[in-house]
Structure formats: structure tokens, C-alpha cells
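The listed protein sequences correspond, in order, to chains V and E.
Taking my numbering, I'd label the letters of the first sequence as residues 267 to 609.
Taking my numbering, I'd label the letters of the second sequence as residues 760 to 1254.
For glycine and all other residues, C-beta sits at the position ideal for the given N, C-alpha and C.
Quantities reported herein were computed from a predicted structural model and do not represent experimental measurements.
Here the structure comes first, spelled out in C-alpha cells, and everything after it is commentary.
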Amino acid sequence: MPVLCSSCSEKRAVLKRPKTGHSLCKACFFWAFEEEVHRTIVAAKLFRPGETVGVAASGGKDSTVLAHVMKLLNERHSYGLELMLISVDEGITGYRDDSLETVKRNQQQYELPLKIVSYEELYGWTMDAIVKQVGLKNNCTFCGVFRRQALDRGAVMLKVDKICTGHNADDVAETVLMNILRGDIARLRRCTAISTASEGDGVVPRCKPLKYAYEKEIVLYAYFKKLDYFSTECIYSPNAYRGYARTFLKDLESIRPSSIMDIIHSGENLSFREGVKMPVQGTCSRCGYISSQALCKSCVLLEGLNRGLPKLGIGKHHRLHEKILSQQPLTEREERKLKSVDF
Amino acid sequence: MCQVEEEYHEQLERVDTPSASKKCVKCKEELAAVVIRAGDSYCRNCFRESFIHKFRAMLGKTRVIFPGEKVLLAVSGGPSSCSMLSQVQEGVSQNAHKKLRFLPGIVYIDEGGALGQRKEMRQKATSELCDMFRSTGFPFYILPLEQVLDLPGSVLTPSPPSDQPGSGYKAAVDLFLQSGGSGSDGKAEEQEGVSPPAVQESHTRLLQQLIGSAQTLTAKQDLLNTLRQHLLVHTARTRGYSKLMLGDSCTRLAVKLLTSISLGRGAQLAQDTGFSDCRYGDVTVVRPMREYSAKEIAYYNHMFKIPSVVVPNLDTKTPDKASIQRLTQSFVTKLQADFPSTVSTIYRTGEKLQTAGGSSSAAEDAERCVLCVCGLDTAAEEASALQATLISEQLSRSSVSVKPEPPSTVGQCCSSERPCGGAEGASDCCRSSRDHEAAELRSLLCYSCRRTVRDMSSVTHLPQYVLSEVQRRQNRSAMKEQISEFLLDDADEND
């Protein structure tokens, strides 16, 4: 027996919305999905007319859908935005080079300007080279820290006013769980915010227009729209601890589909005890980027790489920051601790 | 985003393997008898001492329990609450080094009825516990959960805390000492509940209908917790106890915290898991076992022969994915096995949360959930998860109702939040009065309790005290609306 669309009651439903359980036809699903993103953008006042907005594009499903929806909504509701794609080339052979091809195709399909910033030109290191020195274990630390900064640098080069990223509801919920598991109060407080305030020079405000979109619906949307995206896991990625949180979240979703939204609701409504020590935001004394320490994380990591002490940025070695800044030599004991890990 | 857990990895993976012939880390003389966590090996005596000290220290530093105060211990029969009972027994005994000076009583709630247990099973468990309680010499109450059906609506409204004469802890101590330091009236009280009150079968059936109306185990467990809590608070209140002690261990609280997050109880989290919870006003809930891990308690109970009773639960013998509570428990336990700091990290995250709105600011009962008695978190601000959910549901429903509609449109098939044909079969869609009732109830619930009620096939089986409280609040707000133009400000609503 064909099920009718619960929205238009005319056409045959082709899917069951993971978020609400309603059966919808293709057209009504597209409309609902787009309208929801639109309402999020309007309600959270994410953009102002005339702004230049960089869409962080990796070629994956989230950013492909984001680029598509942003372009569509910009035209449909005349946001008056100038859109651009920003990609980061981490230098991972067999992964990023392929996904960047997808981004380049997207650029043509959507007729948006594209800027690619690479780790190699920014830091002089590709991820391939980093992994060679660091090993497979902590390389995500480098990649994550560098990417955050690389996106900002790219945004500054393009002179965009804002960056939007493809983080979806699952990502946000997962991050809430992760921050609880790690006891990271400062991040727990920030992670449910839909946009970051402009934090200073060289830091472009970011927002997540897909914050309330379920990952499964993003896939459904991309599938039915036949969007061109790249779906391969990063070859260096196996990231055990986040994987636990991810599996847990998926299990929760299978028990009660609203769990993802419920977790975000929880995160948005947490209240924190006063007097809990929070890191204070300052700037890096070497590169001027935002940092809660004397040196920002990427400068520390880079220093470690260049000195052949890759563990310098892994774990907490704040007391060494002074030494690095004043170019003092490290003691032998300190050096030994920071040498590469054996496998 | 990925970087920090990797830093973490390092510390987590460095687990020393305990060697069998280690000396106690405390006295450094005796051989260690127990390893609580990696690096912490204690001899028998030092373990006992530190265990007892931890309990005293928790009560000492929090200064919530005043001398001479009546404190009701909620004992479920499980290891943690039985351990708590033994600590209190130890603390008030004559030969204790620094005697605890409050007056304990015990309450046990027999939930067998909700689980559909046979009478003999229930009697067996209660008589076992009865013997245990009698030997303590404390007054005790053994109550069947069925009694929750007869509670008055007042359980759902916080009563103002009865002011201690000297308000401060210090003053209370002085007063206690002046009065001769004897709180002997506790002993004089008869030991009640020796033969637990007979349960009417009709009551058991009603209770089972109520639990059965919840379609998911997640909702069943949540509902059962709420009912138990109500009965506990009511018992404490009517018997003159101003504190209610729960035996939640650190492990239990970590699970509870993550469960609460997953159920959408972020706003109520601190109250659900903090040391003291004063949402009920005159009865404060305290959790003195919160710094013991489940393992530590198990070791202690085993070494010092603290009895406990195995009482089955709603999720006993269910698979991991049977409910959110069950899943979270197995998630935390498994993660703890691989990363031994999991429980304490989650627990410490909870420590940094604010017990917002305690009894003062958000005390207006109109703004409290009629089930969990916490402040409402359902304002649906712009760009919030709640608003996004409402939009999603609105957009997926019939396009006729695209524009926002008032929640109580009679004649509309589906009430604002629940699609029809969800649970009961779509045959009889327009039971508008019943849906209306559910919508009314929903408007008085917090986010998470709405989720629970949404999983129920019908709200008519809810206990009378809940339904009549809903009615009372509806009437009151209707009344307020009528006279609204004469009210100068809406800051006063205390009755």
C-alpha cells in the first residue's frame, strides 16, 4: 500500500524523515529541509545583506549540501550575500587530492569562486610529511589545529566577512558528549553556539547553518538531489575515542530518534557554576592568532615539527613556552621526552 | 576538535599493572589488600579508615545536615544504599570517634508491583530487608509503590523550607549543644512498617496500567523514577524528615549525568546529580555517597560483610539497547574498563554545573514541571533546538497548517506536537477531548518530561494527584488571565 506524503497528502511518500518520523514525498522533503535551514539562518541572524560569506568546502556530503543550500537560499530569499568556497589542502595523497577534485567540480556546478589554501604553503609541511615524522597516532591533533587556522587565513586572503561550516546536528550532539567525557567545561559551554563572535584580528566569525539538520537527512537530501560529493574516510583518521562517542550517539538515535536534538537542547540549557576557572583568550606572541597561552597551538606544533620534537604540542607543556619564545635550548631530559614515539 | 582526546590518550593508556606484593600507600607497612584504582593500594585497615573518613568529610564539608535533624535514608537494597546505611550506623554508634548527630530513619519502596512481580517474591525481598532494618534500631518504613496513587497534589508544589531557628549551621550546632545534645525522640518512635501495609490488587493493576501505558522502556524507567521520587519526598515530608539521603555512587551519578543529557535534561542536570537538591523546598535531597566508585563500594561491602539484597529492576536482564538509561549504563561501564578515568571525569564535569534556580528565584509553581518539579526549560527561544524541532514537525505535517497555530485548536486532528497514528492506531483520530487533555498536560511539563509523556499511549492512567494538579494550575492561569488587567505587576503569585 503506497503511503501518501504527510505534508501535501497528494503524492506518494518516498522517505521517512529520520528527524520526525513523518513520511514525505521528494518535493515536500526538499522544501522542508531547505525551509528549516532558512528559518535557522533567519532566527539566529547569521548573515547581513551585502556580506561576503566563505563556505568551508571539503567535498564531503555536509559541505556539498551546505554549498548547494546556501546558494539556493541566497537566491530564493535574496539574502544579498556573495558566496565563495574555501578549501583546505592538507596534503594527504589518496584522500584530499581526490576530494578537492569534487570541490573543483562543485565550483563549476555552482559557479562560485574557490580558494584553496594548503598546509604546505602556510606551514611548509604536508600531512603526509607530518605523519612520516609523528606516526599515525597523534596526527589528527596537527591536522585539526592547522585546519582551523588555515580556514581563517584563507578567509582573510579572500576578505570574506564570515565563514560557514557544514557541522550538522549529529556533530554538535557528539561534541557535547565528547566534552562531557573529557571534562572540558570551556568547550562544553561554547560548542552549542551556532556562531562564534568576532574574536579579533585574523579570526573570521564562523557559523553552522546546518546545526539542526540530521546527518541522515543531509545524506537523504544529497542522495535525492543527486549531488556530487566525495565519501571516503580520511586514510589517517581512525580516531578511537571520538568513535566511542559517535557509536553511542548512533545507538541513542536508534532508541529514540529525537535524542540528537535532545542532547543539543541539553547543551543549550546547561548553566555553569560561577568561579570555575576558564581559559582567558589572548593572542599568540609569535603569530598574533587567538590563543589562551603565550604561544598558540599551531605555533607550538610547528616548532615541534621543525625542531624534530613532534611531541612538543601533544599534551601540556605550557612551561616550555617561555623557553621556546626566548629561543633557549631545551635540556636533554626535556628533549628526550619530546622525541618521536616509537612503534 | 580532534586534538584533545589524543593528548588524553597518553594519560589514559598509562595504567600501571598492580603488583601483588605492594605495600599500602597510606601506612606503608601492611601489605595492600585492595587496589581501588591504579596506584592506590590500601591495606584492610587503611581502606576502612579512608572509606569512613570520606563519608564524614562529605557531610562535614557540605554542612547541609544539621545536628539533631531528622534524616531519611532511602535504601533500595542495592550495594550502594546499603553501604550508606552502614556508614550512618557506624557514625551514630556510641563508640564512633566523632559521632554523627542527626536522627536517621529508613525508607524502602517496594516496586515489585510495577514490575509485575508475584506476591511471594515481593514478600521475600521485603522481609529480608525488614530484618536488616530492624537490626539497625532506626525507625523504618516499608512502602509499596502503589501508595503513590494516593498522594496529594501538594507533592508537586515545593513547600517553603521550614526555617531552622538559627538559620546558620553554626547556630544550629550551638542550639543542639544547649539542648543537651540528646535527640532521643528518634529512638522512642515505633518501628513502623514491620508488616508492610497490605496492597490492594486493584491498586497494583492501576500501577501496572500506568507503567504499561508508556510504550518505551526509556519512558517506563523515567516514569518509575519520577513516581518513586514523589513517594520518597512525600514520606519524608509527612514523617517530619527534612533531609532525604540517596545512595547514588560516583559511577551511578556519571551514568545519570550522561543519561540526563541524552534525555534533554540539561537544564535540570545539576539538580539531578548535585550533592544537594532543594527543588522540593522543605525536603532537601542529599547524596553523600557521591565520591565512592561502585567498585570501591563493592570491595568495602565484601570485605566488611555489609549485606545487600538483590532486587530486580525494570531493565534487569534487558539488552543494551533496550532503553537510553540502559544503553548509557553499559556505555559508561565499558568505557571505564578501557579508560579508567571515565567515571571520575564525567562526575567532575557535573561538579562544575550550577544548581540553578534552587528554591528561590524560579520558585513560582506555575513555572515548574508537574512531573519532575524542576523549572521549565520550554521557552523555545529563537534559534534553539526546541524551536527547530517544532518547525520540523510543523513543516512535515499537512501544508494547510503552515502558519503557526495556537496549541489548543479543538477539532484539529493532531495536537501540536504529536502526529496522529503514532501509538494508538489511527482508527479514531479525533478524540479531541483526550488530545486536549494531553496538550494541557504537556504545556505544564519540562522538555524532557514532554518526551516521556509523548511515549505514552494515553495520559489518563497518570495518578490522580498529577491530573488534579494539572487541572488546578489550568484553573489558576485561566483565573489570572481574567483578572490580568487589574494586576499591577506579575511578580507575585505565591499562595
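Compute the Euclidean distance between the alpha carbons of G1109/E and D363/V, then round it to the nearest angstrom.
Those two C-alpha atoms are separated by around 43 Å.
Is the beta carbon of K857/E closer than 8 Å to that of Y1051/E?
Contact: no.
Going by CA-CA distance only, name the one from P523/V, S592/V and E499/V that's closest to R1210/E.
The shortest Cα separation from R1210/E among P523/V, S592/V and E499/V belongs to P523/V.
Under 8 Å, CB to CB, which of the residues in the stretch 274-299 of chain V have a partner in chain E?
Flagged, chain order: C274, S275, R283, K285, T286, G287, H288, L290, C294, W297 and A298.
Would you list, in chain order, the members of the stretch 1132-1148 of chain E that have their beta-carbon closer than 8 Å to a beta-carbon of chain V?
Cβ contacts with chain V: D1136, E1141, A1142, S1143, A1144, L1145, Q1146, A1147 and T1148.
Check the C-beta distance from R996/E over to G864/E and give it rounded, since I have them as a contact under 8 Å.
R996/E to G864/E, Cβ: 13 Å. No contact.
Residues of the stretch 1012-1024 of chain E in Cβ contact with chain V at a cutoff of 8 Å, in chain order, please.
Residues L1016, L1017, S1019, I1020, S1021, L1022, G1023 and R1024.
For the stretch 1037-1052 of chain E, which residues have a beta carbon sitting closer than 7 Å to at least one beta carbon of chain V?
Those residues of the stretch 1037-1052 of chain E that come within reach of chain V (Cβ to Cβ, closer than 7 Å) do not exist; the list is empty.
Return helix, strand or coil for E499/V, following the three-state DSSP convention.
Coil at E499/V, not helix or strand.
Buried or exposed for S1174/E, please, with buried defined as at least 16 other CB atoms from any protein chain shown within 10 angstroms of its CB.
Since pLDDT at S1174/E reaches only 42, below the 50 mark, its modelled position is unreliable, and the value read off the structure follows with that caveat. Classification for S1174/E: buried.
Leaving out five residues on either side along the sequence, give the residues of the same chain with a beta carbon under 8 Å from the beta carbon of H587/V.
Q559, A560, L561 and V566.
Rounding to the nearest angstrom, what Cα-Cα distance links L934/E and R822/E in this structure?
Using only the alpha carbons, I get a separation of about 15 Å.
Shortest alpha-carbon distance to Q848/E belongs to which of H993/E, L1003/E and I1065/E?
Comparing Cα-Cα distances from Q848/E to each of H993/E, L1003/E and I1065/E, the minimum goes to I1065/E.
State buried or exposed for V397/V, treating a residue as buried only when at least 16 other CB atoms are found within 10 Å of its CB.
Classification for V397/V: buried.
Give the C-beta separation of T1032/E and K1002/E to the nearest angstrom, bearing in mind that I take them to be a contact with Cβ-Cβ under 8 Å.
Actually they are not in contact, since the Cβ atoms of T1032/E and K1002/E sit about 17 Å apart, beyond 8 Å.
What residue range does the beta strand (DSSP E) around K381/V cover?
Segment L380 to S384, the beta strand (DSSP E) holding K381/V.
Give the straight-line distance between the Cα atoms of S324/V and R413/V, rounded to the nearest whole angstrom.
One C-alpha to the other measures close to 11 Å.
Can you tell me whether Q1223/E is buried or exposed, with buried defined as 16 or more other CB within 10 angstroms of its CB?
Result: exposed.
Terminal residues of the continuous beta strand (DSSP E) containing L831/E?
It spans K829 to A833 - the beta strand (DSSP E) in which L831/E sits, taken as one unbroken run.
Apart from the five residues on each side of it in sequence, which residues of its chain come closer than 7 Å, Cβ to Cβ, to V907/E?
The answer, listed in chain order, is L986, H989, L990 and P1222.
Can you tell me where the beta strand (DSSP E) holding K1002/E begins and where it ends?
Element bounds for K1002/E: K1002 to M1004.
When the Cα atoms are used, what is the spatial distance from C430/V to T1010/E?
When rounded, the distance between both Cα atoms is 39 Å.
Does the Cβ-Cβ distance between Y1059/E and T1137/E come in under 8 Å?
In this structure, T1137/E does not lie closer than 8 Å to Y1059/E by Cβ.
In three-state terms, what does DSSP make of A1182/E?
Interpretation of A1182/E is limited by its pLDDT of 41, a score under 50 that renders its predicted location unreliable; no figure is taken from the coordinates.
Give the secondary structure of E1176/E by DSSP, where H, G and I count as helix, E and B as strand, and everything else as coil.
Confidence at E1176/E is low in this model, with a pLDDT of 44, below 50, so the placement of that residue should be treated as unreliable; the coordinate-derived value is given next. If DSSP states are grouped into helix, strand and coil, E1176/E belongs with coil.
Just checking my contact of A1053/E with S1008/E at CB under 8 Å: how many whole Å lie between their CB atoms?
Rounded, the Cβ-Cβ distance is 5 Å, consistent with contact.
Given this structure, state the Cα-to-Cα distance separating Y928/E from R807/E, to the nearest angstrom.
Those two C-alpha atoms are separated by around 28 Å.
Rounded to whole angstroms, what's the CA-CA distance from D1097/E to R448/V? Just pull it up for me.
So the alpha carbons of these two residues sit roughly 14 Å apart.
Would you list, in chain order, the members of the stretch 526-538 of chain V that have their beta-carbon closer than 7 Å to a beta-carbon of chain E?
Cβ contacts with chain E: M527, D528, I529, I530, H531, S532, G533, E534, N535, L536, S537 and F538.
Going along the chain, which residues of its own chain have a beta-carbon closer than 8 Å to the beta-carbon of E601/V, five neighbours each way excluded?
L575, listed in sequence order.
Cβ atoms of A298/V and Q1146/E: under 8 Å apart, would you say?
Against a cut-off of 8 Å, the Cβ pair of A298/V and Q1146/E comes out as no contact.
Can you give me, in chain order, the residues of the stretch 1055-1080 of chain E that have a beta carbon less than 9 Å from any beta carbon in chain V?
Cβ contacts with chain V: D1079 and K1080.
Compare the C-beta of F1034/E against all C-beta atoms of chain V and say whether one is closer than 8 Å.
Chain V, which has no Cβ nearer than 8 Å to the Cβ of F1034/E, makes this no.
Does the beta-carbon distance from L332/V to P545/V come in below 8 Å?
No; because the gap between Cβ atoms is not below 8 Å, this pair is not in contact.
At 7 Å on the CB atoms, spell out the chain V contacts of Q1095/E, in chain order.
None at all; the shortest Cβ gap to chain V is about 11 Å.
Compute the Euclidean distance between the alpha carbons of T306/V and H531/V, then round it to the nearest angstrom.
Near 15 Å, if we compare the C-alpha coordinates of H531/V and T306/V.
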